[in-house]
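Asker: For reference, each letter of the sequence shown is one residue, going 9 to 173 in the working numbering. Built from N, CA and C at the ideal position, the CB exists for glycine as well.
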Amino acid sequence: DLILKGGDVLLMVTKPSFLERHVSHQWTGDFCMITQVGAKPMKPNWAKLVLAPMAAACMIILNILKVTNLLTLALITAFFLLACKCLTWAQIKAALNMPVLVTIAASFAMADALEGTGVANELASNLMTITSWAGDWGILYGVYLSTALLTALLSNAAAAAILVP
Numbered sequence: 009d010l011i012l013k014g015g016d017v018l019l020m021v022t023k024p025s026f027l028e029r030h031v032s033h034q035w036t037g038d039f040c041m042i043t044q045v046g047a048k049p050m051k052p053n054w055a056k057l058v059l060a061p062m063a064a065a066c067m068i069i070l071n072i073l074k075v076t077n078l079l080t081l082a083l084i085t086a087f088f089l090l091a092c093k094c095l096t097w098a099q100i101k102a103a104l105n106m107p108v109l110v111t112i113a114a115s116f117a118m119a120d121a122l123e124g125t126g127v128a129n130e131l132a133s134n135l136m137t138i139t140s141w142a143g144d145w146g147i148l149y150g151v152y153l154s155t156a157l158l159t160a161l162l163s164n165a166a167a168a169a170i171l172v173p
C-alpha cells in the first residue's frame with residue numbers, strides 16, 4: 009500500500025461524478041485542488057488504435073527482413089500515419105527536437121572533416137602514445153577522459169562523432 013505524506017502530490021483520473029461530488033465541498037483538508045481537464049472525455053477512434061500499432065509492426069518487420077533501412081521505413085510510416093490522420097503535422101513537429109538533430113548532423117560533418125584532414129588520426133595516435141603504457145585499461149581511460157574534455161567544449165553528439173572514427 010502507498011502511504012501519502014505531507015507535500016506529496018496525488019494525481020487522479022476519475023469519472024466526472026467525482027468532480028461533481030467533491031468540488032462543492034468546502035476545504036476539508038482532503039483535497040487542495042480539483043480541476044477538470046478537457047470539456048468532455050475523449051472517445052477512442054478504434055480504426056486509428058488498430059492502424060497505428062499495425063503500421064509500427066510492419067515497419068519493424070520490414071526492417072528485420074532488411075527490405076530497407078530503418079530511417080526510410082520510419083519516414084514512410086510517419087507519412088502513412090499522417091495521410092491516414094492518425095498523426096497531425098503539429099504532433100510530428102513536436103516530436104522532433106530540431107536543434108538536437110541539426111547538432112548531430114553537423115557533428116557527423118565535423119567528424120568527416122577531421123578525419124579527412126588527418127586531425128582525427130593525429131589525435132588518435134597521440135592518445136595511443138600517451139596512454140599505451142597503461143595497457144588496454146589506460147587506452148580506455150584515455151578515450152573516456154578525452155570524451156569528457158571534448159564534451160566540456162562541444163556538444164555530446166559532436167564529441168562522440170569526433171571520437172568514434
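(1) Out of Val75, Leu18, Ile11 and Leu95, point me to the one whose CA is closest to Ala55's CA.
(2) Could you give the DSSP three-state label for Leu135: helix, strand or coil?
(3) Figure out for me which residue from Gly146, Gln99, Ser163 and Ala142 has the closest Cα to the Cα of Ala119.
(4) Name the residue from Pro52, Ala167, Ile138 and Ala64 whose alpha carbon lies nearest to the alpha carbon of Ala7.
(5) Using DSSP with H/G/I as helix, E/B as strand and the rest coil, what is Gln144?
(6) To the nearest angstrom, how far is the alpha carbon of Asp144 from that of Ala160?
(7) Does the region 84-91 come close enough to the region 58-67 that 3 or more CB-CB pairs lie under 8 Å?
(8) Give a yes or no on whether the C-beta atoms belonging to Asn71 and Leu79 are separated by under 7 Å.
Answerer: If we stick to the structure as given:
(1) Check the Cα spacing between Ala55 and each of Val75, Leu18, Ile11 and Leu95: the tightest is with Leu95.
(2) Helix.
(3) Ranked by Cα distance from Ala119, the options Gly146, Gln99, Ser163 and Ala142 are led by Ser163.
(4) Look at the range of the chain in this structure, 9 to 173, and you will see that residue 7 is not part of it.
(5) Per the sequence presented here, residue 144 reads as Asp, with Gln not at that position. For Asp144, the three-state secondary structure derived from DSSP is helix.
(6) Distance between the alpha carbons of Asp144 and Ala160 is about 25 Å.
(7) Because the criterion of three Cβ pairs below 8 Å is met, the region 58-67 and the region 84-91 touch.
(8) Leu79 sits away from Asn71, with the two beta carbons spaced by 7 Å or more.
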